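J.:
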Amino acid sequence: MTIKRLVIASHNKGKIQEISELLAPYHIEVVSAVDLNLPDVEETGTTFEENSRLKAVELAKISGEYCLADDSGLCVDVLGGRPGVYSARYAPDRDFDKGIAKLLGEIEATHSDNRKAHFSCVVALAHPQTLECQVFEGRVDGHLLSHKQGSGGFGYDPIFVPDEGDGRTFAEMNGEEKSKISHRGRALAKFVRSLEEWSK
Ligand code: IMP
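For any residue, its number in the working numbering is found by taking its place in the sequence shown, counting from 1, and adding 11.
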């Protein structure tokens, strides 16, 4: 299978940029749902996989093109894995300064010193004719700071320090450094490996 053009089923600028950068070497034209005026599909599922599948399939149906969707979120140990699939909606007005403040307030209220958290990501590729999906998963473990550090990235990046890094938050890394170890980078690396397999 050769994919010449891929629609990213997202309206999230941070995600679109990371996915586009990662796919840049593969000679695939990458366009987003925003570029094509496609709708932002409502996430009615309860798992990352369910949501990524439904976003990819819905937009493949509407556009008639290969669609790639990412559903991801931050899972905090002391909050029983929340906000998880609800990470985007957890932030009041989708404002992540407010979202981070709310999250740190909730963690503080537990009086626990457990700061462990992980990001999860499931990427789904939907085929335009069959509407069948292939899914690829990625995860990165780390801990949360109690204050923001760095101005790069998006979402909860300024408080997340990955275990495999050098103590910097994702917001203090450039896109390439983050993607090497991030949940999204790992899920997309699996997707890219399968593209390479298909094109053999
Ligand atoms: P959704 O996949 O559209 O439901 O949104 C996922 C939400 O999880 C984003 O809006 C962010 O709040 C958060 N999130 C997912 N990936 C990242 C990341 O790489 N950095 C920071 N926040 C993220």
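Quick reminder that beta carbons are idealized off the backbone N, C-alpha and C, glycines included. Just so we're clear, the structure is a prediction, and the values are computed from it rather than from any experiment.
Would the beta-carbon of G149 fall within 8 Å of that of R93?
T.: If you number the sequence shown from 1, residue 149 lands on position 138. If you number the sequence shown from 1, residue 93 lands on position 82. No.
J.: Spell out a yes or no on whether the stretch 78-90 and the stretch 125-132 are touching, meaning 3 or more CB-CB pairs, one atom from each, closer than 8 Å.
T.: yes
J.: Let's see if you can read the secondary structure: which residues bound the alpha helix (DSSP H) around Q28?
T.: As a position in the sequence shown, residue 28 is number 17, starting the count at 1. Per DSSP, Q28 belongs to the alpha helix (DSSP H) from K24 to L34.
J.: Does the beta-carbon of D152, which I'm using as the reference point, lie nearer than 7 Å to any heavy atom of the ligand IMP?
T.: Taking the sequence shown and counting its residues from 1, the one referred to as residue 152 is at position 141. Result no, Cβ not under 7 Å from the ligand IMP.
J.: Going by beta-carbon coordinates alone, are E146 and S63 separated by less than 8 Å?
T.: Taking the first residue of the sequence shown as 1, we reach residue 146 at position 135. Taking the first residue of the sequence shown as 1, we reach residue 63 at position 52. Inspection of the sequence shows that residue 146 is occupied by Val rather than by Glu. Yes.
J.: Between the alpha carbons of K24 and H122, how many angstroms are there, rounded?
T.: Taking the sequence shown and counting its residues from 1, one reaches residue 24 at position 13. Taking the sequence shown and counting its residues from 1, one reaches residue 122 at position 111. Straight-line Cα distance between these residues: approximately 35 Å.
J.: How big is the Cα-Cα spacing for L17 and S43?
T.: To locate residue 17, count along the sequence shown from 1; it is residue 6. To locate residue 43, count along the sequence shown from 1; it is residue 32. The alpha-carbon atoms of L17 and S43 are separated by roughly 8 Å.
J.: Do I118 and L155 count as a contact pair if the criterion is CB distance below 8 Å?
T.: By one-based count along the sequence shown, residue 155 stands at place 144. By one-based count along the sequence shown, residue 118 stands at place 107. Pairing L155 with I118 gives a Cβ-Cβ distance under 8 Å.
J.: Does the separation of the CB atoms of L33 and L79 fall below 8 Å?
T.: On the sequence shown, residue 33 is found 22 positions in, with the first residue counted as 1. On the sequence shown, residue 79 is found 68 positions in, with the first residue counted as 1. Judged by beta-carbon spacing, L79 lies beyond the 8 Å limit of L33, meaning their Cβ atoms are not closer than that value.
J.: Taking only three categories from DSSP, how would you classify E76?
T.: The sequence position of residue 76 within the sequence shown is 65, counting from 1. DSSP places E76 in coil when its eight states are reduced to three.
J.: Could you compute how far the alpha carbon of A20 sits from the alpha carbon of S98?
T.: Walking along the sequence shown from the start, residue 20 turns up at place 9. Walking along the sequence shown from the start, residue 98 turns up at place 87. If I take the Cα positions, the gap works out to 17 Å.
J.: If you follow the beta strand (DSSP E) that V98 is part of, which residue opens it and which one closes it?
T.: What you label residue 98 is simply residue 87 of the sequence shown in a count that begins at 1. In the sequence as displayed, the identity of residue 98 is Ser instead of Val. Unbroken run through S98 is the alpha helix (DSSP H), S98 to Y101; no beta strand (DSSP E).
J.: Assuming S139 contacts A67 (C-beta within less than 8 Å), just tell me the rounded distance between them.
T.: Position 128 of the sequence shown holds residue 139. Position 56 of the sequence shown holds residue 67. Reading off the sequence, residue 139 comes out as Pro, not Ser. Rounded, the Cβ-Cβ distance is 10 Å, inconsistent with contact.
J.: What's the C-alpha gap between P169 and K109?
T.: The residue labelled residue 169 in the question sits at position 158 within the sequence shown. The residue labelled residue 109 in the question sits at position 98 within the sequence shown. If I take the Cα positions, the gap works out to 13 Å.
J.: Residues in the same chain with beta-carbon distance under 6 Å from D152, minus the five sequence neighbours each way, listed in chain order, please.
T.: Here the question's residue 152 lines up with position 141 in the sequence shown. H129 and D174.
J.: What residues come near the ligand IMP, if near means a beta carbon less than 5 Å from any of its heavy atoms?
T.: D82, S83, G84, S98, A99, G166, Y167 and D168
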